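In the working numbering, the protein residues as written are 405 to 728.
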């Protein structure tokens with residue numbers, strides 16, 4: 405076995421170990437089946453996420469934690485009513501629905517697409533870059549307040565209607581942690597999020613941080629909607645983690661979703677919108693002939709994994725040739 409093959413074997417072993425760790429050993433909540441894990445947890449990102457887990461400061465290795473470590477978070481806490489005012493006005497204007505409506509520029513949202521069918525709605529404020537132009541225009545006070553918290557990398561308003569739920573899932577990328585601040589909530593324990601078995605209810609003006617790569621779900625069993633400010637915030641890490649995350653976060657930035665035509669659209673979102681007709685055909689095929697659909701899905705995922713591993717192999721082969 406030459407050096408390139410040995411290095412690639414080590415990388416593949418680490419990748420398999422990372423997937424096994426996330427599926428069977430990380431945290432306390434487990435998916436009931438490996439197929440559920442495949443559908444709900446994006447295992448292709450497990451090796452990269454595990455590098456960031458290892459680089460995360462010990463104080464931040466929890467499913468749920470206080471937000472006090474965020475520099476400038478007091479600006480949000482002091483002014484949460486101002487933020488709520490803009491969020492409510494925005495929601496009442498229909499902007500949330502317009503940004504998620506079929507045919508709109510914001511409809512094709514790879515990260516949150518499955519939430520739409522359950523009534524969940526959002527309005528992006530920024531996404532791993534400059535604030536959205538629509539947010540600057542429609543909620544300028546909130547955008548200014550967000551700029552006072554340097555650890556905020558992405559932000560949105562989100563609504564979970566009365567009686568709605570978001571089923572158990574894990575977000576794909578560990579490049580950030582997730583911050584929630586309650587704006588207009590039922591202020592009831594019947595409206596809550598459960599992260600790796602830890603249940604937290606939203607309260608107006610209250611906030612917390614959680615690791616969204618743990619399995620979690622949300623329910624609103626009350627008779628009132630839940631409106632919150634939701635942000636991706638810095639994951640406290642050592643120098644290696646921060647350096648690696650600069651590159652890793654480019655993938656998150658490529659998933660930027662616009663609210664209106666004035667906002668940026670990431671390349672991943674652009675591609676996702678272009679393959680939407682194929683996804684529709686796939687849904688029809690799944691209903692008409694599930695075995696054929698399953699075979700084609702496996703072949704497609706295998707091809708995508710091969711395309712994903714090819715650059716890795718080329719990089720490994722290059723460095724191996726240099727070493728030799």
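By construction, the Cβ of each residue, glycine as well, lies at the ideal position given by its N, Cα and C atoms.
Nothing here was measured: the structure is a model prediction, and the numbers come from that model.
Worksheet item: Which of the three DSSP states, helix, strand or coil, is assigned to residue 611?
Response: strand
Item to complete: On a CA-only basis, which of 451, 407, 429 is nearest residue 419? Give me that one, please.
Response: 451
Worksheet item: In chain order, what residues of the same chain lie with their CB nearer than 7 Å to the CB of residue 477, ignoring the 5 residues before and after it?
Response: 471, 553
Worksheet item: Counting along the chain, where does the alpha helix (DSSP H) carrying residue 458 start and finish?
Response: 450-459
Worksheet item: Under 8 Å, do residue 560 and residue 634 count as touching if we go by C-beta distance?
Response: yes
Discussion item. Please report the straight-line C-alpha distance between residue 572 and residue 437, rounded to a whole angstrom.
Written reply: 13 Å
Fill in: Where the beta strand (DSSP E) through residue 638 begins and ends
630-638
Worksheet entry | For residue 593 and residue 390, the rounded distance between their alpha carbons | A question about residue 390 goes unanswered here, because the residues of the chain that appear run from 405 up to 728.
Discussion item. Looking only at its chain, what residues have a beta carbon closer than 6 Å to the beta carbon of residue 464, apart from the 5 residues adjacent to it on each side?
Written reply: 640
Item to complete: Pick out the complete beta strand (DSSP E) segments inside the region 554-594, 3 residues or longer, and give them in chain order.
Response: 556-564, 569-573, 580-588
Worksheet item: Can at least three beta-carbon pairs, one atom from the region 537-544 and one from the region 651-670, be found at a separation below 8 Å?
Response: yes
Fill in: Cβ-Cβ distance between residue 500 and residue 492 below 8 Å
no
Item to complete: Closer than 7 Å by C-beta to residue 575: which residues in its own chain qualify, once you throw out the five before and the five after it? Chain order, please.
Response: 616, 617
Worksheet entry | C-alpha gap between residue 622 and residue 417, whole angstroms | 34 Å
Item to complete: Quick one: using the 10 Å Cβ neighbour count with 16 as the cut-off for buried, is residue 512 buried or exposed?
Response: buried
Worksheet item: Which stretch, first to last residue, makes up the beta strand (DSSP E) that contains residue 604?
Response: 602-605
Worksheet item: Which whole runs of the alpha helix (DSSP H) in the region 645-687 are 4 residues long or more, in chain order?
Response: 671-678
Discussion item. I'd like to know whether the C-beta atoms of residue 467 and residue 600 end up nearer to each other than 8 Å.
Written reply: yes
Worksheet item: Hey, how far is the Cα of residue 462 from the Cα of residue 598?
Response: 22 Å
Worksheet entry | Buried or exposed (CB count within 10 angstroms, at least 16 for buried), residue 458 | exposed
Practice prompt. Identify whether residue 505 lies in helix, strand or coil by the three-state DSSP scheme.
Written response: coil
Practice prompt. Please state whether DSSP places residue 420 in a helix, a strand or coil.
Written response: helix
Practice prompt. Under 7 Å Cβ to Cβ from residue 591, same chain only, skipping five residues before and after it: list those, please.
Written response: 607, 608
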